[in-house]
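A.B. asks: Protein chains in written order, with this note's numbering: chain A, 1 to 175; chain B, 1001 to 1136; chain C, 2001 to 2641.
Quick reminder that beta carbons are idealized off the backbone N, C-alpha and C, glycines included.
Fair warning: this is a prediction, and the values are worked out from it, not measured in the lab.
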Amino acid sequence: MSRGLRLIPILLLVWLVGGLAWRLVKPPSPAVPSQLVERAVPSFDLSPAVPTKPGLKSADLRGSGPRLINIFGSWCVPCAAEAPVLNELKKRGVVIDAIAVRDTPDAITAFLDRYGDPYGRIGNDPRSNVQIDLGSSGVPETFVVDGQGIVRRQYIGPLSQSNIPGVMQQLAELR
Amino acid sequence: MRRTIALALVLAATAALADSNLPPAYWANRQLPDARQEAKAEALMNELRCLVCQGQSIADSDAELAGDMRDLVRRRIAAGEKPSVIRTWLIERYGSWISYKPTTEAAAWPLWLAPLAFLLLGAWLIRRRIKLKGGA
Amino acid sequence: MIAEAGFAALWLAAALAAYQFLLMILALRSDVDVARPMRGVAVVQGGMTLIAFGMLMLAFARSDMSVALVFENSNSAKPFIYKVAGTWGNHEGSMLLWVTILAIAGAFLALFGRRLGERTLIAGLGSQSLLALGFYAFLLIASNPFARLFPSPADGQGLNPLLQDPGLAFHPPTLYLGYVGLSVAFSLAVGALLTGEVDSRLARAMRPWVLGAWILLTLGITAGSYWAYYELGWGGYWFWDPVENASLMPWLAATALLHSINVLAARGALKAWTMMLAVIAFSMSMVGTFLVRSGILTSVHAFAIDPERGTFLLVLLALYVGAAFILFAIRGATLKEGAPFELVSRESGLVINNLILSVVLAIVFLGTLYPLFVEALSGEKLSVGAPYFNAVAGPFGLVLAVLVGVGPLLSWRRERRPVLGQLKVPALLGVTALAVTIILAPELAILPRLGLAVAAFLATASILPLVGRNPLRAPLATWGMVIAHAGIAVALAGIAANAGFTSERLTVAKVGETLTVGPWTVLLQNVTPTAGKNYSALEAELRAARGADVISLTPQTHYYSDPQTETNESSIRTFWNGQLYTVLGKPDPSGGWQLRLWWKPFVTLIWAGGALIALGGALALFGRLWRLRRRKEPDWRARYI
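(1) What residues of chain C sit near residue 36 of chain A, judged by a beta carbon separation below 7 Å?
(2) May I ask you to list, following chain order, the residues of the segment 1016-1037 of chain B that have a beta carbon less than 7 Å from some beta carbon of chain C?
(3) In whole angstroms, what is the alpha-carbon distance linking residue 2606 of chain C and residue 2576 of chain C?
(4) Tell me the residue span of the alpha helix (DSSP H) that contains residue 2613 of chain C.
(5) Can you check whether the CB of residue 2363 of chain C is closer than 8 Å to the CB of residue 2393 of chain C?
(6) What first and last residue would you give for the beta strand (DSSP E) that runs through residue 2580 of chain C?
(7) Counting contacts by CB-CB distance shorter than 8 Å, is residue 2341 of chain C in contact with chain B?
(8) Beta carbon of residue 2376 of chain C, beta carbon of residue 22 of chain A: below 8 Å?
(9) Mind checking whether residue 124 of chain A and residue 47 of chain A have CB atoms under 8 Å apart?
(10) To the nearest angstrom, how far is the alpha carbon of residue 2388 of chain C from that of residue 2446 of chain C?
(11) How many Å lie between residue 2482 of chain C and residue 2437 of chain C at the Cα?
(12) Rounded to a whole number of angstroms, what is the C-alpha to C-alpha distance between residue 2067 of chain C and residue 2149 of chain C?
(13) Looking at chain A, which residues of the segment 2311-2326 of chain C have a Cβ within less than 8 Å of any of its Cβ atoms?
(14) Find out if the Cβ-Cβ distance for the pair residue 2111 of chain C, residue 2124 of chain C is shorter than 8 Å.
(15) Are the segment 1093-1113 of chain B and the segment 2003-2017 of chain C touching, with three or more C-beta to C-beta distances below 8 Å?
(16) Leaving out five residues before and five after residue 2507 of chain C in sequence, what residues of the same chain have Cβ atoms less than 7 Å from its Cβ?
(17) Pull up the CB-CB distance for residue 2263 of chain C and residue 2325 of chain C, whole angstroms please, since I reckon it's below 8 Å.
(18) Do you know how far the Cα of residue 2236 of chain C is from the Cα of residue 2573 of chain C?
(19) So, under 8 Å CB-CB, residue 2142 of chain C and residue 2308 of chain C are touching, yes? Tell me the CB distance rounded to an integer number of Å.
(20) So for residue 2128 of chain C, helix, strand or coil by DSSP?
(21) Going by DSSP in three states, residue 2181 of chain C sits in which element: helix, strand or coil?
(22) Mark residue 973 of chain B as exposed unless 16 or more other C-beta atoms lie within 10 angstroms of its C-beta, in which case mark it buried.
(23) If you follow the alpha helix (DSSP H) that residue 2348 of chain C is in, where does it begin and where does it stop?
(24) Determine the DSSP secondary structure at residue 39 of chain A, reduced to helix, strand or coil.
(25) Determine the chain A residues that contact residue 1094 of chain B at a beta-carbon separation under 8 Å, and present them in chain order.
(26) Please confirm if residue 175 of chain A has its CB atom under 8 Å from at least one CB of chain C.
(27) Does DSSP put residue 2642 of chain C in a helix, in a strand, or in coil?
(28) Are residue 2284 of chain C and residue 2253 of chain C close, meaning C-beta to C-beta below 8 Å?
(29) Within 10 angstroms of its Cβ, does residue 2274 of chain C collect 16 or more other Cβ (buried), or is it exposed?
(30) Just checking, does the segment 2125-2134 of chain C make contact with the segment 2054-2061 of chain C on the three C-beta pairs under 8 Å criterion?
(31) Give the secondary structure of residue 1082 of chain B by DSSP, where H, G and I count as helix, E and B as strand, and everything else as coil.
(32) Can you find a CB in chain C that lies within less than 8 Å of the CB of residue 1078 of chain B?
(33) State buried or exposed for residue 2001 of chain C, treating a residue as buried only when at least 16 other CB atoms are found within 10 Å of its CB.
(34) Would you identify the three-state DSSP class for residue 2508 of chain C, choosing helix, strand or coil?
(35) Looking at the strands, I want to know which residues DSSP matches up with residue 123 of chain A.
(36) Over what stretch of residues does the beta strand (DSSP E) that includes residue 2642 of chain C continue unbroken?
Here's what the structure looks like:
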């Protein structure tokens, strides 16, 4: 067996250890990002999730300025945790529409009464269809959508106070 | 009476462990009446990765999102869509991660070429071990 | 006191390992005779680790909550056997088990490795002690199993109920004996490369060790697969999950090594390949241990996730395997190969067998790590799962199974008889089986169809080495080979039948409803609450009928409170021609219950085949060891038929 061939296992080992070491330093993240960022929102039409607000359809997202789409459920604990942040954003003039996943009108109404109501429209998504259509894989998630219905950014997990400046700035740029 | 209470208590425990406010979708845990369609749906579900648990297919996962995806797959197959179209649709939204079957994109070519490449490499390495011609 | 005694014993063992390594250096450099002291040191080292492990086991058995490990992983309410099994059901304990087996294997090698050249034995023992040193350091520095908790808590944090299961309790030790058993092959290979004595004597000395480790790996994987099948309620038995692959890769390497050793022993050939396989087999064990403990792969099996521990293991892996590969590169020139083999000969058959096994090993390795490398290079996340592995490993497996039927019939050096003639009957049976499946099951997919045909061929072909001679006079090693190869056919038949003929019924049924699955009619009689020692449960009463057979099954869902988990306890009934497998799911708001039922024809053949393979190996091992005892200087030529 030639000397060259006998060196190959060492090279393969270096490659293997390098890859494993990289993975130790940068562990896998469980979040699965949506592939729709920088692409158009797919067309959908959701009926109202609560009787007091209109439902949400994709046509609503075109032609009336950038906004946030918040995917939530009243049964989701981190959604309650991010409610103050959404309320704050609403106070600063951000338009927030919602998609309620796997939820009932009574539970949503109770949630909004308890934690505040930053939403303009709330679409009802009982089988997660639109959530899947948007490439979202959990709640809460928030999408930044511009005035032409193009998804510009996805936040996975609850928004925190530290996200507010970034959101405000991005929305300002998109106007 | 005692059994009803016991049953109710156990069910209450179940409710505490459940996630959302709605029960599983209709087709999450039921098979399609057409056996061929169900076979196609099942084959596809076994090849799609659960995004919540990540170590299981949506066919085996208990997660609600997996149930909704099973419902979605079954409805679409029942409506006549081809499994490959549904898989592509999901990959467009979640990326290749969701498909346990590596796709045909460039990043996956080495995987499909590897078996033949390994075989040829191995055969070349042992080429001198076996006498292919000569001998009585 | 117990924990401190264990800790002290561990330190002593580490010191002895260091001394053992130094003895080797002394012997190789200056020809000092260290054989006797080295043997003594190796044996005492093994004894010390055994004491350390015994102390830990005692702490668990007595539920000594002042030991941090016992507190974290046990509870006084656990049944005794699971308290004891809890010793290895955690990271530190299982690493201690690992190093104990490593040291004890070294001790046995010292006591019984007399057929080797003395220099090679000493080099091998030195290598073994160096392996152990790294793990002693890991344990003593980063994963101390004997750490105390002060003040000691009243009771422990209950163990995962999933682990309170006989199959799972004994799955790790069996696998570890296999993984770590391969360390002896690694050490002997390294030793032989150092001394230059790579020859048939080495192969014959290595063989019982490789056989033993391989048998245990086969059993461990088979048992693990069956455990996953009945416990997790998914009706499957192999998912190509990264942790499963981590156990398969050493097995594939060990199988190739086993067969390669036969060529080295019989003909003194394939030196480089055999040494490389010996190094790779244990390297795969180390890669597997690393993957499972480091948390870098997403897996439903992953436990003990701690990147810091992963780093230590990765460093050990890099050092050990790197040193072995460098040694191989330097010394490889001394491994002169002889004349090429005849095309139709047993040697060639074994070379091709090795080639295919190595290719499958490479495929599994690549597929398991591919997502990691792609993400490192391009940031893209992709998945490689069962569809890939089945599509690729399946055809190779079938080709290999056919060759397994042919190989044992070939003679060493050159096969002059027409072997194909002997295979007429098996070939005919294979073709008949194929025709039968085409007629009776036209919709069957291609792989299960071919699987059944190949299984029929191999089942008959594997018996041929015993035909035409007095079976009672055939050596045990031959019987072992026949049974192991027949076991492959049995497992293949089970895999194909399961893939091709399983019927599944998934539905929501109300009490009183009837369903059908395969030939069975199943009635959901009732769903009642019940309870166990530390759980509450819901139990479904099912009555299943098939012709005259009427049986009852009771699948349950268990609810535990500490920690809060929910498990499915499937109810399975086994018949000669298959298993009826039932799982109870969640209640449906419509008033019904989710039920999942399977009729799996001949599925038990899968694990029966695995057991047969292990049995064949055991017979071969026993046969060879028995022969050694009866003869002083065995004539190697007589052993190969």
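C.D. replies: Taking the geometry as given:
(1) By Cβ distance, chain C contributes nothing, its closest Cβ being about 16 Å from residue 36 of chain A, past 7 Å.
(2) Hits within the stretch, in order: 1017, 1023, 1029, 1030, 1031.
(3) Their backbone Cα atoms lie some 13 Å apart in a straight line.
(4) Segment 2605-2630, the alpha helix (DSSP H) holding residue 2613 of chain C.
(5) Cβ distance < 8 Å, so residue 2393 of chain C and residue 2363 of chain C count as in contact.
(6) For residue 2580 of chain C, the enclosing beta strand (DSSP E) begins and ends at 2578-2587.
(7) Residue contact with chain B for residue 2341 of chain C: present (Cβ-Cβ distance below 8 Å to some residue of chain B).
(8) Yes, they are a contact pair.
(9) Going by beta carbons, residue 124 of chain A and residue 47 of chain A fall inside the 8 Å limit.
(10) Near 16 Å, if we compare the C-alpha coordinates of residue 2446 of chain C and residue 2388 of chain C.
(11) Near 26 Å, if we compare the C-alpha coordinates of residue 2437 of chain C and residue 2482 of chain C.
(12) Approximately 6 Å, taken between the alpha carbons.
(13) Against chain A - using a Cβ distance shorter than 8 Å - the residues of the segment 2311-2326 of chain C are 2311, 2314, 2317, 2318, 2321, 2322, 2325, 2326.
(14) No, the Cβ-Cβ distance between residue 2111 of chain C and residue 2124 of chain C is not below 8 Å.
(15) Because the criterion of three Cβ pairs below 8 Å is not met, the segment 1093-1113 of chain B and the segment 2003-2017 of chain C do not touch.
(16) Cβ within range, chain order: 2515, 2595.
(17) Residue 2325 of chain C and residue 2263 of chain C do not touch by the CB rule: their CB atoms are close to 22 Å apart, not below 8 Å.
(18) Rounded to the nearest whole angstrom, the C-alpha separation of residue 2573 of chain C and residue 2236 of chain C is 16 Å.
(19) Correct: roughly 7 Å between the Cβ atoms.
(20) It is helical.
(21) Under the three-state reduction of DSSP output, residue 2181 of chain C falls in the helix class.
(22) Look at the range of chain B in this structure, 1001 to 1136, and you will see that residue 973 of chain B is not part of it.
(23) Per DSSP, residue 2348 of chain C belongs to the alpha helix (DSSP H) from 2346-2378.
(24) If DSSP states are grouped into helix, strand and coil, residue 39 of chain A belongs with coil.
(25) In chain order: 32, 34, 35, 135, 137.
(26) Cβ-Cβ to chain C under 8 Å: no for residue 175 of chain A.
(27) Summary: the structure shown does not reach residue 2642 of chain C, with chain C confined to residues 2001 through 2641, and so no result is reported for it.
(28) By the CB criterion at 8 Å, residue 2284 of chain C and residue 2253 of chain C fall inside the cutoff.
(29) Result: buried.
(30) Counting Cβ pairs under 8 Å, fewer than three are found: no touch.
(31) Correct three-state label for residue 1082 of chain B: coil.
(32) Look at residue 1078 of chain B: its C-beta is not under 8 Å from any C-beta on chain C.
(33) Answer is exposed; the Cβ neighbour count stays below 16.
(34) Three-state result, residue 2508 of chain C: strand.
(35) Per DSSP, A:48, A:99.
(36) The structure shown does not extend to residue 2642 of chain C, since chain C is modelled only from 2001 to 2641, so the question has no answer here.
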